[in-house]
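K.L.:
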Amino acid sequence: MKALDSADLQRLQIVVDVICREAGKTVRSPEMQEVAALLIRLYRHGLTDEVKLLSVGRLASAKRGSPELLRSRRGGD
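The working numbering applies: residue 57 is where the sequence shown begins, and numbers increase by one.
Laid out in structure tokens, this is it:
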């Protein structure tokens, strides 16, 4: 498992910030804390591509009941 340095944490923070903004949640919300923990685990296991992390984070956020994110992905029905 990869140890994270400050550059790794900064990359993850950017991804988490985008997901939080899209979901309309703060990073301190329980849902976003779970998403962030998932992304950290994946990153430590080698998934370091920001686009892939963003996709996984968006899916995880949507599965945790973020209706705002689901609406934005479907075009705001």
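The C-beta atom is built at its ideal place from N, Cα and C for all residues, glycine as well.
So what's Ser-111 in DSSP terms, helix, strand or just coil?
P.N.:
Position 55 of the sequence shown, counted from the start, is the residue given in the question as residue 111. Correct three-state label for Ser-111: helix.
K.L.:
Between the beta-carbon of Glu-95 and the beta-carbon of Leu-109, is there less than 7 angstroms?
P.N.:
On the sequence shown, position 39 is the one that residue 95 refers to. On the sequence shown, position 53 is the one that residue 109 refers to. Residue identity check: residue 95 is Leu in the sequence provided, not Glu. It is a contact, given that the beta carbons lie within the stated cut-off.
K.L.:
With 16 as the cutoff for other CB atoms within 10 Å, does Lys-119 come out buried or exposed?
P.N.:
Position 63 of the sequence shown, counting from 1, holds the residue named residue 119. So Lys-119 ends up on the exposed side.
K.L.:
Using three-state DSSP, classify Arg-77 as helix, strand or coil.
P.N.:
Here residue 77 refers to the residue found at position 21 when the sequence shown is read from its first residue. Helix.
K.L.:
State yes or no: is the C-beta of Cys-76 within less than 7 angstroms of the C-beta of Met-57?
P.N.:
Start at 1 with the first residue of the sequence shown, and residue 76 comes out as number 20. Start at 1 with the first residue of the sequence shown, and residue 57 comes out as number 1. No; because the gap between Cβ atoms is not below 7 angstroms, this pair is not in contact.
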